[in-house]
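Student: Have a look at the structure that comes next, please.
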Amino acid sequence: MSEQYSLAAKVALACRIVVMEGQDDFSLGHISALDEDGLIWMKPSGLGLEEVREEDIIALNFKGEVVKGTRKPHNELTIHTEIYKARPDVKCVIHTHPFHAIALSTLERPLAILNHDGVPLAGEMAYFKETPDLITTEEEGKSLAQCLGSKRAALLKNHGAVIAAPSVEAATCWALHLEKAARMQLVAGPEAQEIGLEKAVEMRKSFEKMSGRYPGFFAYEVRKLAQKGY
Ligand SMILES: [Zn+2]
């Protein structure tokens, strides 16, 4: 299981998993995880998500200063620092540009819960419409964190998706679920019948009572990386 990995190794694995599952966009997109000492272990800029290995991951403090590693942080660093400041429960942040999630974000429609992929995100989606541009300043990062509130994910209109989770494993799974659920919604069209929020929340609670659900899915994705040669 994933306990055998350092936090930096888990971040690197998560980077490669999201690309293997279709969320690549040149060298854009980034993933970070927060350790118990308050260090943020993050994918650096300049590398594609699928190129990232444990030794490439940099450690930053909350001011955004690199304290370990030689590579540079992404310009959108404040997405991570401001969410961690606002949400003590969050230990991993993922920002990618998933094709279908972005397409959905342009429709100004909430995520429809049509199958099990949407269930972990039922009632857990925020919608950030303030700007389609990069989030580069402290103010913009704060504004996104405020929009996210206590939720698990946000669609950034005309831009991408942000996931905020208590572990790298859960964040990775929710990032994959969100893109699959958005794709399902676009394929099914506006006439699709939803599960309904109350039932979806009940299902979410029951799914997540199964201990090891997300670590198990993450471990499966790690095996798939090896099979596919990532
Ligand atoms: Zn972005």
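Quick note on numbering: my numbering labels position 134 of the sequence shown as 224, and the sequence is numbered without any gaps.
Glycine is no exception: its CB is placed at the ideal position from the N, C-alpha and C atoms.
All values derive from a computational prediction rather than experimental measurement.
1) Give me, in chain order, the residues of the same chain whose beta-carbon lies closer than 6 Å to that of I184; leave out the 5 immediate sequence neighbours on both sides.
2) Measuring only the C-alpha atoms, how far is I203 from T160?
3) Say whether the segment 237-257 touches the segment 291-303, bearing in mind that this needs 3 or more beta-carbon pairs closer than 8 Å, one atom from each stretch.
4) Out of curiosity, what's the CA-to-CA distance linking E220 and H190?
5) Would the C-beta of L57 count as close to ligand 1, meaning under 8 Å from any of its heavy atoms?
6) Need the endpoints of the alpha helix (DSSP H) that A309 sits in, please.
7) Measure the Cβ-Cβ separation of E311 and I107 and say whether it is below 9 Å.
8) Would DSSP call G231 helix, strand or coil?
9) In the DSSP assignment, the beta strand (DSSP E) including V209 goes from what residue to what residue?
10) What residue does the alpha helix (DSSP H) around S195 start on, and which one ends it?
11) Can you tell me the Cα-Cα spacing of E141 and P134, whole angstroms?
12) With the cut-off set at 9 Å, would you say G231 and E172 are in Cβ contact?
13) Going along the chain, which unbroken runs of the beta strand (DSSP E) with 3 or more residues stay wholly within the segment 96-182?
14) With DSSP as the reference, identify every bridge partner of M215, one or two as the case may be.
15) Contact between the segment 143-154 and the segment 163-178 is defined here as three or more beta-carbon pairs at a separation below 8 Å; is this criterion met?
Tutor: Judging by the given coordinates:
1) For the purposes of this step, residue 184 is identified with residue 94 of the sequence shown, where counting begins at 1. Excluding sequence neighbours, I184 sits near I121, I253, A261, A265.
2) Mapped onto the sequence shown, residue 203 falls at position 113. Mapped onto the sequence shown, residue 160 falls at position 70. Cα to Cα, I203 sits roughly 42 Å from T160.
3) no
4) Position 130 of the sequence shown holds residue 220. Position 100 of the sequence shown holds residue 190. About 20 Å.
5) Look at the range of the chain in this structure, 91 to 320, and you will see that residue 57 is not part of it.
6) Translated into positions along the sequence shown, residue 309 becomes position 219. Taken as a continuous stretch (DSSP letters only), the alpha helix (DSSP H) holding A309 covers 303-318.
7) Position 221 of the sequence shown, counted from the first residue, corresponds to residue 311. Position 17 of the sequence shown, counted from the first residue, corresponds to residue 107. Contact: yes.
8) Walking along the sequence shown from the start, residue 231 turns up at place 141. Here G231 sits in helix by DSSP.
9) As a first step, residue 209 is located in the sequence shown; it is residue number 119 there, counting from the start. That residue, V209, is in no beta strand (DSSP E); it is neither H nor E in DSSP.
10) As a first step, residue 195 must be located in the sequence shown, where it is residue number 105. Run containing S195: 189-195, per the alpha helix (DSSP H) assignment.
11) Here residue 141 refers to the residue found at position 51 of the sequence shown. Here residue 134 refers to the residue found at position 44 of the sequence shown. In a straight line, the C-alpha of E141 is about 11 Å away from that of P134.
12) In the sequence shown, residue 231 corresponds to position 141, counting from 1. In the sequence shown, residue 172 corresponds to position 82, counting from 1. Going by C-beta atoms, G231 is nearer than 9 Å to E172.
13) 120-124, 130-132, 148-150, 156-158
14) Position 125 of the sequence shown, counted from the first residue, corresponds to residue 215. Per DSSP, A243.
15) yes
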